[in-house]
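*Asks:*
Number of protein chains: 2
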Amino acid sequence: MKPIHVGLLGIGTVGGGTFTVLERNCEEISRRAGRAIAITVVADKDLTRANSIVNGRAKVIDDALAVVNDPNVDIVVELIGGTGIAKELMLKAIANGKHVVTANKALLAKHGNEIFAAAQKKGVMVAFEAAVAGGVPIIKSLREGLAANRIEWIAGIINGTSNFILSEMREKGASFDDVLKQAQQLGYAEADPTFDIEGIDAAHKLTIMAAIGFGIPMQFEAAYTEGISKLTREDIQYAEELGYRIKLLGIAKRKANGIELRVHPTLIPTKRLIANVEGVMNAILVKGDAVGQTMFYGAGAGAEPTASAVVADLIDVARTMTVDPEHRVPHLAFQPDKLSDIAILPMGEVETSYYLRLRVQDKPGVLADITRVLADLGISIDAMVQKEPSEGEALVNIIMLTHRTIEKNVNAAISKIEALPVVASKVTRIRLEELDK
Amino acid sequence: MKPIHVGLLGIGTVGGGTFTVLERNCEEISRRAGRAIAITVVADKDLTRANSIVNGRAKVIDDALAVVNDPNVDIVVELIGGTGIAKELMLKAIANGKHVVTANKALLAKHGNEIFAAAQKKGVMVAFEAAVAGGVPIIKSLREGLAANRIEWIAGIINGTSNFILSEMREKGASFDDVLKQAQQLGYAEADPTFDIEGIDAAHKLTIMAAIGFGIPMQFEAAYTEGISKLTREDIQYAEELGYRIKLLGIAKRKANGIELRVHPTLIPTKRLIANVEGVMNAILVKGDAVGQTMFYGAGAGAEPTASAVVADLIDVARTMTVDPEHRVPHLAFQPDKLSDIAILPMGEVETSYYLRLRVQDKPGVLADITRVLADLGISIDAMVQKEPSEGEALVNIIMLTHRTIEKNVNAAISKIEALPVVASKVTRIRLEELDK
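Taken in order, these protein sequences are the chains called A and B.
Residue numbers 4 to 440, in this note's numbering, belong to the letters of the first sequence in order.
Residue numbers 4 to 440, in this note's numbering, belong to the letters of the second sequence in order.
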């Protein structure tokens, strides 16, 4: 069969990995795909870097638009990132009738609806396995492998940087700031780590998974996003003592009245497999009505793991590019005219359990006041621990785990509790999920 | 698009689950597949059972051959099992130009080469996601999701019955026989449990995974198969004390001189995620050169989890049945003319580490004799523990963990050790894998 010509936009970490993997495994890949797949042209602003990787084995230029307009390019791989020029180039590639493979979660989460509509109109594919959890084939699994199921919920550790920081804080009893610095030195966190530590990157990925899991449009703006930067080692330690581990989870859940779409630190029972996913690794739990719970685990970032997903997409696209579009897997797993308009629930309507930590005066009646507030709002307590005050300390830590309740009730309770004169500071609230059904 | 008509052969546990899932999720499935997929005819010897499930919503007959010959059937789902009539029916369906979906691992592991050749010739698909690890989309992940990789090894807990027995033996300190009885009462083990507990079922599944991972023909006869029926709670306990958990693993590994293909009880470090997969659950680790280690976890058996895989295959087949066969994913992941003839290594050539337990007389010089035998055969010891004899006992247990070595050397060492006068009984040998790279 005719070899496939690929144009690569951006040869940074993932682009370099893609070039390397495609070349190293070219024989294995053509044994699978039944044809050769080769990068024939690379565009990058940094020609020196690009040439040092490509080393004469493909054309190197600095004009990405020329790649997108090149009639000899069958598939464009977009690894520039961001929502600016990458979007323009992708739309132009689509307009030119080219298939696109991308790892750009921010772009898809924010502008995926527009991009997929354009691709649909032109009958081309936009493949994005690499956009979520690096080399873990979670997009294919959700979109095809679990296609028999009504997906009930998805819960994932989908940001390696945050997971590394939380693992280190727990294992070494270190503070957030110290571990962040270490992560930056190791190259696990960017100089500006906001996207990773504030949950934005995870929310991009969650938005994509929710869309293909439930058959809804991309709705990044409706996702609730809370990061890990305010977590203390104290809470991580207390959680551990109670049999829970704190992870930054992206959770998408189908409820009768809408879809929950939320990223936040979450206590999960230590005995769950996913609680033991440590360091920069990613893992996604998917609950389907037929299959039950499944989990997909692997490296969520890095040059070659992400390249693994990019190249898998290239093989898929190579295989189906000459196929009638109606026989391809739809971009969002469901036929474009069959997406659901079920609403994303506001965070106040979300139902979960809570870890609450209160600093209170060590006086009789304090607990009675607090539990009265909770009871009045219909919040029942699953477990409670009082930490003895240190020598000379007047304040004690009380930790409460609640049963499942609606978030707005918990917020109301927290306001009332914080107004009590015996309560000395802000209540620490971390959500808790048993992930048991 | 034209609805897809499915003929179902066998409506037992998985067949019933398939009927139920396809019906319950028909709307979700047609939103995905872009067309309706419906079971229109069911064949089962037990018409009463079949009718009670189908309840008038499809034709029920007792003649499987009539389904296979029915011109209105597009896809045949074979859930009869076994290698007798199932094989005949499948070949007949293929000869009639029908696509086939099956969960029959025994049939594929033993006769897959013949079946896939026949399917290839007729241009039809034989899909078999349900044959390995129930609802876990491991076939799709290996064949498509990780297609960019040179697969280095696969190691999986792929028999739920065995894993349940090992979990119970460890958690409750119970004997193999007692737990097996309990598993039979719970319906986790068959009246004749041989296939599960002797590793045969796992070897069927491993054979299939190795074929699609490495691009080799099915070679079930070359797989080494050792079950769990001789494991003692004592060894499970000793392993635990040393930081290891015993699992029945199916391991396929690519080496310079051939492929290792083996099922046996295996010590793995307790801190590995897969060591913590308990009960009837399945999990498969896949190591690819680009992606690193990935893991796929979920229910490996049961009506609906297995149905999840059967129905996913139906959707895949529905999507690609009108597509030119050369644009479909090849049965064994690699193009049929590109399979490799790399040999399966005999077990004596396999390289792994070992747990050895010896019962010896508690006398000076015993250890020197034993370690001399090991040293002479180039086997080095990673750790050694001597268990103090009980009051009045003359014999002590010595446990040794070796570094990686070739199995035939260990076998030679064991023969020599057993011949030593101070060694009181057969040496217990359990293989050990660190699974760390």
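Where is the CB? At the ideal position from N, CA and C, for every residue including glycine.
Small disclaimer: the values here were computed from a predicted structure and weren't measured.
Closer than 8 Å between beta carbons: that is the criterion. Which residues of the region 151-182 of chain B meet it against chain A?
*Replies:* For the region 151-182 of chain B, which is checked against every Cβ of chain A, the residues closer than 8 Å are Ala151, Asn152 and Arg153.
*Asks:* Per the DSSP calculation, A/Gln364 is bridged to which residue(s)?
*Replies:* For the purposes of this step, residue 364 of chain A is taken as the residue at position 361 of the first sequence. A/Leu398.
*Asks:* When you compare only the Cα positions, how much space is there between A/Pro392 and A/Gly202?
*Replies:* Reading the first sequence from its first residue, position 389 is the one you call residue 392 of chain A. Reading the first sequence from its first residue, position 199 is the one you call residue 202 of chain A. So the alpha carbons of these two residues sit roughly 34 Å apart.
*Asks:* Can you pull out the residues from the region 393-419 of chain A whose beta carbon lies closer than 7 Å to at least one beta carbon of chain B?
*Replies:* Per Cβ criterion, the list is empty.
*Asks:* Under 9 Å, Cβ to Cβ, is there at least one residue of chain A near B/Asp319?
*Replies:* Here residue 319 of chain B refers to the residue found at position 316 of the second sequence. Interface residue, yes.
*Asks:* For A/Arg236, would you say it is in contact with chain B, using Cβ-to-Cβ distances shorter than 9 Å as the test?
*Replies:* Sequence index remark: in the first sequence, residue 236 of chain A carries index 233 (1-based). By this cut-off, A/Arg236 is not an interface position.
*Asks:* Could you give the C-beta distance for A/Asn412 and A/Leu348, rounded to a whole number, given that I count them as a contact under 8 Å?
*Replies:* What you label residue 412 of chain A is simply residue 409 of the first sequence in a count that begins at 1. What you label residue 348 of chain A is simply residue 345 of the first sequence in a count that begins at 1. Wrong, their Cβ atoms sit about 14 Å apart, outside the cutoff.
*Asks:* Are the beta-carbon atoms belonging to A/Val444 and A/Val9 less than 9 Å from one another?
*Replies:* Nothing about residue 444 of chain A can be read from this structure; chain A reaches only from 4 to 440.
*Asks:* Alpha carbon to alpha carbon, how far is A/Pro6 from B/Tyr527? Give it in angstroms, no decimals.
*Replies:* Residue 527 of chain B lies beyond the range of chain B shown here (4 to 440); nothing can be said about it.
*Asks:* What is the DSSP secondary structure of A/Lys341, reduced to helix, strand or coil?
*Replies:* For the purposes of this step, residue 341 of chain A is taken as the residue at position 338 of the first sequence. Looking at A/Lys341 - three-state DSSP - the assignment turns out to be helix.
*Asks:* Within the region 15-42 of chain B, note down every full alpha helix (DSSP H) run reaching 4 residues or more, in order along the chain.
*Replies:* Fully enclosed alpha helix (DSSP H) runs of 4 or longer: 16-27 and 29-36.
*Asks:* Could you give the C-beta distance for B/Val430 and B/Arg360, rounded to a whole number, given that I count them as a contact under 8 Å?
*Replies:* In the second sequence, residue 430 of chain B corresponds to position 427, counting from 1. In the second sequence, residue 360 of chain B corresponds to position 357, counting from 1. Going by Cβ atoms, the distance from B/Val430 to B/Arg360 rounds to 7 Å, so yes, they are a contact pair.
*Asks:* Is the region 81-98 of chain B in contact with the region 269-285 of chain B, if contact means three or more CB pairs nearer than 8 Å?
*Replies:* Contact fails: fewer than three Cβ-Cβ distances are below 8 Å.
*Asks:* If we define contact as Cβ-Cβ less than 9 Å, is B/Thr323 a contact residue for chain A?
*Replies:* Translated into the one-based positions of the second sequence, residue 323 of chain B becomes position 320. By this cut-off, B/Thr323 is an interface position.
*Asks:* Just to confirm my understanding: we take A/Ile141, look at its own chain, exclude 5 residues before and 5 after, and list those with CB closer than 6 Å. What are they?
*Replies:* Mapped onto the first sequence, residue 141 of chain A falls at position 138. Taken in chain order, the residues that qualify are Val135, Ile287 and Phe299.
*Asks:* Can you find at least 3 beta carbon pairs, one from the region 290-298 of chain B and one from the region 305-314 of chain A, that sit closer than 8 Å?
*Replies:* Segments in contact, yes.
*Asks:* My parser needs the beta strand (DSSP E) runs of 3 or more residues fully inside the region 75-124 of chain B; what are they?
*Replies:* Here the runs fully enclosed are 78-81 and 102-105.
*Asks:* List the residues of chain A whose Cβ lies closer than 9 Å to the Cβ of B/Met387, in chain order.
*Replies:* By 1-based counting over the second sequence, the position of residue 387 of chain B is 384. Within 9 Å Cβ-Cβ: nothing; B/Met387 doesn't reach chain A, min ~29 Å.
*Asks:* Taking just the CA atoms, how far does B/Asn116 sit from A/Thr269?
*Replies:* As a position in the first sequence, residue 269 of chain A is number 266, starting the count at 1. As a position in the second sequence, residue 116 of chain B is number 113, starting the count at 1. Each residue's Cα considered, the two are about 48 Å apart.
*Asks:* Does the contact criterion of 3 or more C-beta pairs under 8 Å hold for the region 40-51 of chain B versus the region 402-410 of chain A?
*Replies:* Touching, no, given that fewer than three Cβ pairs across the two stretches are closer than 8 Å.
*Asks:* Suppose contacts are defined by Cβ-Cβ distances below 9 Å. Is B/Arg275 in contact with B/Thr355 by that definition?
*Replies:* Stepping through the second sequence from its first residue, residue 275 of chain B is reached at position 272. Stepping through the second sequence from its first residue, residue 355 of chain B is reached at position 352. Contact flag unset, no.
*Asks:* Based on the DSSP secondary-structure assignment, which residues constitute the bridge partners of A/Ile239?
*Replies:* Sequence index remark: in the first sequence, residue 239 of chain A carries index 236 (1-based). According to DSSP, which records beta bridges pairwise, A/Ile239 is partnered with nothing at all.
*Asks:* By the criterion of Cβ-Cβ separation under 8 Å, what are the contact partners of A/Arg248 in chain B?
*Replies:* Residue numbering aside, residue 248 of chain A sits at position 245 when the first sequence is read from its first letter. Correct list: empty, because the minimum Cβ distance to chain B is about 13 Å.
*Asks:* What residues from chain B crowd round A/Arg60, counting only those whose CB sits closer than 7 Å?
*Replies:* Sequence index remark: in the first sequence, residue 60 of chain A carries index 57 (1-based). Correct list: empty, because the minimum Cβ distance to chain B is about 18 Å.
*Asks:* So within the region 213-272 of chain A, which uninterrupted beta strand (DSSP E) runs reach at least 3 residues, ignoring any that extend past its ends?
*Replies:* Runs found: 247-258 and 261-272.
*Asks:* Taking DSSP's pairing of strands, which residues face A/Arg434 in a bridge?
*Replies:* Here residue 434 of chain A corresponds to residue number 431 of the first sequence, with the count starting at 1. Answer by DSSP bridge pairing, in chain order: A/Thr269 and A/Tyr357.
*Asks:* Roughly how many angstroms lie between the CA atoms of A/Val388 and A/Tyr358, to the nearest whole one?
*Replies:* As a working mapping, residue 388 of chain A is identified with position 385 in the first sequence. As a working mapping, residue 358 of chain A is identified with position 355 in the first sequence. Roughly 11 Å between the two C-alpha positions.
*Asks:* What do you get for B/Leu1, buried or exposed, if any count of 16 or more other CB atoms within 10 angstroms of its CB means buried?
*Replies:* Residue 1 of chain B lies beyond the range of chain B shown here (4 to 440); nothing can be said about it.
*Asks:* Which residues bound the beta strand (DSSP E) around A/Met4?
*Replies:* Locating residue 4 of chain A in the first sequence gives position 1, counting from the first residue. Careful: A/Met4 lies outside any beta strand (DSSP E) and carries neither H nor E.
*Asks:* Identify the contact partners of B/Val24 in chain A, using a Cβ-Cβ distance below 7 Å as the criterion.
*Replies:* Translated into the one-based positions of the second sequence, residue 24 of chain B becomes position 21. Here the neighbours are Ala151 and Ala293.
*Asks:* When you check each C-beta in the region 89-123 of chain A against every C-beta of chain B, which residues fall closer than 8 Å?
*Replies:* Those residues of the region 89-123 of chain A that come within reach of chain B (Cβ to Cβ, closer than 8 Å) do not exist; the list is empty.
*Asks:* Could you check whether the Cβ of A/Glu437 sits closer than 9 Å to any Cβ belonging to chain B?
*Replies:* Locating residue 437 of chain A in the first sequence gives position 434, where the first residue counts as 1. No, because no Cβ of chain B sits closer than 9 Å to the Cβ of A/Glu437.
*Asks:* Is A/Asn28 closer than 9 Å to B/Arg146 when the C-beta atoms are compared?
*Replies:* The sequence position of residue 146 of chain B within the second sequence is 143, counting from 1. The sequence position of residue 28 of chain A within the first sequence is 25, counting from 1. Contact flag unset, no.
*Asks:* Please state if the CB of A/Ala321 and the CB of A/Thr210 are separated by a distance shorter than 9 Å.
*Replies:* Here residue 210 of chain A refers to the residue found at position 207 of the first sequence. Here residue 321 of chain A refers to the residue found at position 318 of the first sequence. In this structure, A/Ala321 does not lie closer than 9 Å to A/Thr210 by Cβ.
*Asks:* On the DSSP letters alone, give me the boundaries of the alpha helix (DSSP H) that A/Thr309 sits inside.
*Replies:* Mapped onto the first sequence, residue 309 of chain A falls at position 306. From DSSP, the alpha helix (DSSP H) with A/Thr309 extends over Ala306 to Thr323.
*Asks:* Would a C-beta distance cut-off of 9 Å place B/Ile78 and B/Met324 closer than the cut-off?
*Replies:* To locate residue 78 of chain B, count along the second sequence from 1; it is residue 75. To locate residue 324 of chain B, count along the second sequence from 1; it is residue 321. Yes, the pair counts as a contact, with Cβ atoms nearer than the cut-off.
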